[in-house]
Amino acid sequence: LTAFFIGESFKYCPSSVASARSSRSSRADGCFQHVQMTAFAKLSRYFRRLVNFKHMDFEFAIWQMLYLLVSPQKVYRNFMYRKRTKDQWARDDPAFLVMLSAALFLSSVLYAVSLWLSFTGFIKFFLWVVFVDCIGTGILFGSAIWLFCNYFLRRTSDQDVEWGYCFDVHLNAFFPVLIFLHVILPVVYPCKFDHLAVL
17 LTAFFIGESF KYCPSSVASA RSSRSSRADG CFQHVQMTAF AKLSRYFRRL
67 VNFKHMDFEF AIWQMLYLLV SPQKVYRNFM YRKRTKDQWA RDDPAFLVML
117 SAALFLSSVL YAVSLWLSFT GFIKFFLWVV FVDCIGTGIL FGSAIWLFCN
167 YFLRRTSDQD VEWGYCFDVH LNAFFPVLIF LHVILPVVYP CKFDHLAVL
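Numbering-wise, the working numbering puts 125 at position 109 of the sequence shown, and it's gapless, one number per residue.
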C-alpha cells in the first residue's frame, strides 16, 4: 500500500516547494527543478486549461480510458513519468475529466432509456450520478486516503501524497465500474426482461 500511494519503488521529489523554480538543471532523481510548482499554482493552471479546449489532449484522455479497461498498469506508469518530469502525480490536463463527464451524460441517457425514465427522472438520475456517485464519493474517499497516507505512510518529512492524485485514483477506479453498470447492464436489461416474460 505504501509503494502504491507514495511510490516506494520510484525516487520521490519533494512537493513542499514554495514556488516554481527558475533553474533548469535536472536533479539526480529525474525531476526537473524548473517545473516544480505550489499546489495553488497547479490548481490555477488546471482550471485555466479547463476553459480552453485547445490546450486539452483528448486523444491521450481516450487512450487512458481504453487502457483503464484493458491494461490499467500502463495508465499508472504514465503517472510515474509525469511525476519525474513535472513533479506532480495528479493529472495536469482536465481532458480526462471532460471526457468522463461526457461519458457520464451518455451513459445516463442510455440508462434512462433502458428504464423508461421521464425527463425529470433523467435529470435527477444524472445529477445523482455526477455529484453523489462520482464527485461526492471521490471527495470523501480521496480525502480519507490522502489523510491516512500523509499521517501514517510517510517515511520522510519531505514526502507528501497529493490530494489530486488520490482523487485521480478514484476516477480511474470509477470509469470501469461506470462502463459495467451504465453501459453493459442497460444493454442486458431488455434481454433479461424478455427472457423472464417468455418464462
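All C-beta atoms, glycine included, are put in the ideal place defined by N, C-alpha and C.
Next item on the list: Express the C-alpha separation of L156 and T136 in angstroms, rounding to a whole number.
Entry: 27 Å
Next item on the list: Take S124 as the anchor and find which of V146, F183 and D174 has the nearest alpha-carbon.
Entry: V146
Next item on the list: Could you say which of I139, F141, F142 and R65 lies nearest to D109 if we only look at CA atoms?
Entry: R65
Notebook entry, point to check: Starting from F141 and walking both ways along the alpha helix (DSSP H), at which residues does that stretch end?
Noted result: F135 to W144
Item checked: A44 to E178 span [Cα, whole Å] -> Caution applies to A44, whose pLDDT of 48 falls short of 50 and renders its modelled position unreliable; the model cannot decide the point.
Item checked: C-alpha gap between V86 and A119, whole angstroms -> 17 Å
Next item on the list: Can you tell me which of L126, Q175 and L169 puts its alpha carbon nearest to the alpha carbon of V199?
Entry: L126
Next item on the list: Specify, as a first and last residue, the run of the alpha helix (DSSP H) that M96 falls within.
Entry: P88 to K102
Next item on the list: Report back the beta-carbon spacing between S130 and Y181 to the nearest angstrom; my notes put them in contact at under 8 Å.
Entry: 35 Å between Cβ atoms; not a contact.
Margin query: Counting beta carbon pairs with one atom in the region 161–180 and one in the region 90–97, are three or more of them shorter than 8 Å?
Written below: no
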